[in-house]
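A quick write-up on the structure given underneath.
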Amino acid sequence: MSNINLVVGAGFSGATIARKIAEDLNEKVVVIDCKDHIAGNAYDYRDENGIMIHKYGSHIFHTNLENVWQFLSRFTSFNTYMHKVIALIDGIETTIPFNLRTLYDVFPETLAVRLEQKLLAQFEYNKKVPILEFQKQDDADLKFLANYVYEKVFLHYTTKQWGLDPTKVDGAVTARVPVYISCDERYFTDKYQGIPLEGYTKTVEKMLNHPNIEVKLNTPFEKSMVDQYKRVIYTGSVDQFFDYKFGELPYRSVYFKMETFDKPYYQSNSVVNYPCNYDFTRIHEYKYYLDDQTDKTVIAKEYSTNYERGKNEPFYPIASEANSNLYAKYKAEADKLNNVYFLGRLGEYKYYDMDKAVGRALDLFEALK
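Each residue of the sequence shown is one higher than the last, beginning at 641 in the working numbering.
In structure tokens form, the structure reads like this:
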């Protein structure tokens, strides 16, 4: 066995731990990826129109983790973009999460005032109430509001996104769709927010730019590699690593229909959700993120679908008790390995935002060190 480390996957998780091993331990690292590009699902590129395109859907960086922000700021500067999401509700464009200002967009003013007063009497200001918890109301007006938000914002969108009845979607997922007792229209409220000024791909490229790091693209992982390296950090699917011996872990996948238009803008915001209309969940318009000034614009309509091995890519682990039990079997097998460490959304069968993926990689490095 050599003194070289192998990192499988050149996304944020893999790039972070590769950099730490190369820099802090002064050890050689080989980073492989089966894709033809680095940066994983955060991969972006400038198209022929000069627009920075997020190939796998909008990626918005946001974090309250000081160590993550400081680490990434070594490799990029961020703009001060703060994300808002527009949803089309009853033909009206309004911001979500559903908040106090949304009331005045979708309801007559007299009803909006009454609802606002009752919300402020019932809940602490600035509180985010998960939609399923919010439905537990005795007051007739608040029960009406809860049912309205459930149907118009949550029900149909969640069904499209997950392919499941919303009552069967894990609470950790539904908690991401709250009613916000606030006038704050931002989608995220983290201290640090923004888009890398040169893009995510360039950020990861700088993370991997170290004399101790070698990157090999179009290179699939093979089990025989385990015995060739000091450590293996594996960010691929944990069930694939073990040849699906206990069965496949379910995922949702997404695909994007890209369209170009000969006009400066297509829609009023970077992301517009369509909870009750059409088969797609939302439309991304990428030029908003870095304020790209062009005569044309590019949009992507996002569709959710089931993951099928060999046909599309796994994006989102599906949280459920049955899936957690299945993952636990793979985790038990993983714990038996001496030099293989599983990391990231696929390796740990857990949904991670970008900052949490970086933070988890930093934590794993500390444990390894």
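Beta carbons: idealized from backbone N, C-alpha and C, even for Gly.
Computed from a prediction, not measured in an experiment: that's the story for all the values here.
- In the displayed model, VAL817 falls within coil according to three-state DSSP, outside both helix and strand.
- Per DSSP, the unbroken beta strand (DSSP E) holding ASN645 starts and ends at 645 to 648.
- For ASP684, no alpha helix (DSSP H) encloses it; the enclosing beta strand (DSSP E) starts and ends at 684 to 686.
- Check the Cα spacing between TYR906 and each of ASP919, PHE920, ASP935 and PHE881: the tightest is with ASP935.
- When DSSP states are grouped into helix, strand and coil, TYR947 belongs to the coil group.
- Taken atom to atom, the span from the alpha-carbon of ASP879 to that of LYS885 is near 7 Å.
- In this chain, LYS675 is not harboured by any alpha helix (DSSP H), its DSSP state being neither H nor E.
- A direct Cα-to-Cα measurement between GLN801 and ASN946 gives close to 10 Å.
- As a beta-bridge residue in DSSP terms, THR703 pairs with TYR832.
- Proximity of the stretch 848 to 865 to the stretch 666 to 675 meets the contact definition, three or more beta-carbon pairs being nearer than 8 Å.
- Assignment of THR750 by DSSP, reduced to helix, strand and coil, places it in the helix class.
- Between HIS796 and PRO915, the beta carbon gap of about 5 Å places them in contact (Cβ cut-off 8 Å).
- Residue state for ILE693 is assigned as strand, using DSSP reduced to three classes.
- Contact between the stretch 959 to 978 and the stretch 696 to 714 is not established, with fewer than three Cβ pairs separated by less than 8 Å.
- The C-beta of THR703 has 16 or more other C-beta atoms within 10 Å across all chains shown, which makes the residue buried.
- Per DSSP, reduced to three states, the secondary structure at SER960 is coil, with no helix or strand assignment.
- Taking C-alpha positions only, THR734 is separated from THR875 by approximately 38 Å.
- Annotation for LEU665: no alpha helix (DSSP H) segment contains it, and DSSP assigns it neither H nor E.
- Within its own chain, the residues whose Cβ lies closer than 6 Å to the Cβ of LYS767, once the five positions on either side in sequence are excluded, are ILE821, listed in chain order.
- Contact annotation: VAL872 and VAL980 have beta-carbon atoms nearer than 7 Å.
- The stretch 882 to 940 is shown to contain whole beta strand (DSSP E) runs of 3 or more residues at 891 to 901, 911 to 913 and 922 to 925, in chain order.
- In the three-state reduction of the DSSP assignment, THR798 falls in the helix class.
- When the beta-carbon positions are compared, LYS660 and ILE644 stay at least 7 Å from each other.
- By the Cβ test, the stretch 680 to 700 is in contact with the stretch 836 to 846, since at least three Cβ pairs between them sit closer than 8 Å.
- With a contact defined as Cβ atoms closer than 8 Å, ILE729 and VAL746 qualify at about 6 Å.
- Nearest neighbour of VAL938 by Cα position, chosen from ALA968, PHE982, MET865 and THR900, turns out to be THR900.
- For LEU837, there is no enclosing alpha helix (DSSP H), as DSSP gives it neither H nor E.
- With a cutoff of 7 Å on beta-carbon distance, VAL912 and ILE726 are scored as near each other.
- Judged by beta-carbon spacing, ALA662 lies beyond the 7 Å limit of VAL647, meaning their Cβ atoms are not closer than that value.
- Annotated three-state conformation of LEU966 is helix, per DSSP.
- Shown here, GLU1006 sits in a helix according to DSSP, grouped into three states.
- Apart from sequence neighbours up to five positions away, the residues of its chain that approach VAL998 with a beta-carbon distance below 7 Å are PHE652, THR656, VAL708, PHE711 and LEU712, ordered along the chain.
- DSSP, read as helix, strand or coil, puts GLU862 in coil.
- Distance from the Cα of TYR989 is smallest, within the candidate group VAL793, GLU888 and ASP902, for GLU888.
- For the options ASP830, ALA962, LYS831 and LYS903, the alpha carbon positioned closest to that of TYR891 is the one of ALA962.
- When C-alpha distances from ILE691 are compared across ILE853, PRO904, MET994 and ASN666, the shortest belongs to PRO904.
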